[in-house]
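Colleague:
Numbering (this note's numbering), first residue to last: 43 to 314.
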């Protein structure tokens with residue numbers, strides 16, 4: 043019986059799902075730390091909402107969906123960066139405008155593409171069990187590149203998180219690091235669409251980092267711990283999905299949320 047269960051759990055499609063989820067978690071954890079430190083959760087939502095516009099772009103141009111999403115998300119990131127430098131509107135207003143504008147524009151364009159069948163539910167909530175070997179190569183190769191880029195901008199981005207003015211005086215070019223990080227987040231979201239979907243990717247960025255924040259003493263330790271929590275969430279979510287027949291993407295996020303809640307129980311008990 044035990045051997046049957048292992049064989050069932052380690053079926054080819056589930057192995058691909060597991061490898062894809064782990065590959066994403068190893069990048070989303072460290073990147074999510076900066077999302078939490080710099081309070082960029084709404085920025086992540088804005089980039090994620092532009093995914094439908096990227097899907098429409100990919101279909102019109104005839105390129106891979108993930109590439110279309112990455113191009114669209116990068117353009118939104120550049121727009122946010124440029125508007126933030128010249129506009130007098132508050133940053134959250136700019137993000138709200140682009141988030142809902144990009145989502146609405148994507149839905150309008152997709153409505154004209156009647157000859158193409160699009161699984162909107164998979165885009166919104168992900169379908170990690172449909173990951174292919176080609177997707178795995180893209181996720182792990184892209185993840186390795188993303189981690190290299192993050193390591194390159196780590197010091198200036200961390201310094202800018204503490205004080206952008208001091209980072210600029212020290213010649214660390216914090217604005218450049220911020221722009222590169224925005225495009226990096228766009229890449230993470232593009233890779234994650236197939237795994238957890240548009241509506242859940244920001245949760246995978248934020249929840250692991252928020253979970254470990256109170257337990258670590260340094261930024262590097264927090265990045266590693268967030269990646270570990272992300273991997274645990276993927277493992278637990280896939281197990282929940284296999285045992286209870288629940289949607290895989292939401293199950294991963296629910297597992298991450300459960301881990302967060304469990305880490306907060308001792309603190310709540312102390313205050314009673």
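Using N, Cα and C, we set each Cβ at its ideal position, and we do this for glycine too.
Remember, it's a predicted structure, so these values are computed and weren't measured experimentally.
Since residue 166 and residue 66 are thought to touch, with beta carbons under 8 Å apart, how far apart are those beta carbons, to the nearest angstrom?
Modeller: 17 Å between Cβ atoms; not a contact.
Colleague: With a Cβ-Cβ cutoff of 8 Å, do residue 92 and residue 233 count as a contact?
Modeller: Not a contact, by the Cβ cut-off of 8 Å.
Colleague: Please say whether residue 191 and residue 226 have beta carbons closer to each other than 8 Å?
Modeller: Cβ distance < 8 Å, so residue 226 and residue 191 count as in contact.
Colleague: Under the assumption that residue 203 contacts residue 76 (Cβ atoms under 8 Å), give the Cβ distance between them as a whole number of angstroms.
Modeller: So it is a contact: roughly 7 Å between Cβ atoms.
Colleague: Quick check: what's the CA-CA separation for residue 254 versus residue 274?
Modeller: Distance between the alpha carbons of residue 254 and residue 274: 13 Å.
Colleague: Where do the ends of the alpha helix (DSSP H) carrying residue 72 lie?
Modeller: 54-79 is the extent of the alpha helix (DSSP H) around residue 72.
Colleague: Can you give me the start and stop residues for the alpha helix (DSSP H) that residue 220 sits inside?
Modeller: Note, residue 220: alpha helix (DSSP H), 216-238.
Colleague: Per DSSP, what kind of secondary structure is residue 297 in: helix, strand or coil?
Modeller: In this structure, residue 297 counts as helix in the three-state DSSP scheme.
Colleague: Where does residue 198 land, buried or exposed, given buried means 16+ other C-beta within 10 angstroms?
Modeller: It counts as buried.
Colleague: Can at least three beta-carbon pairs, one atom from the stretch 267-283 and one from the stretch 104-124, be found at a separation below 8 Å?
Modeller: No, the stretch 267-283 does not touch the stretch 104-124.
Colleague: Would DSSP call residue 170 helix, strand or coil?
Modeller: Helix.
Colleague: What's the call for residue 216, buried or exposed, on a 16-neighbour Cβ count within 10 Å?
Modeller: Answer is buried; the Cβ neighbour count reaches 16.
Colleague: Which of the three DSSP states, helix, strand or coil, is assigned to residue 177?
Modeller: Helix at residue 177.
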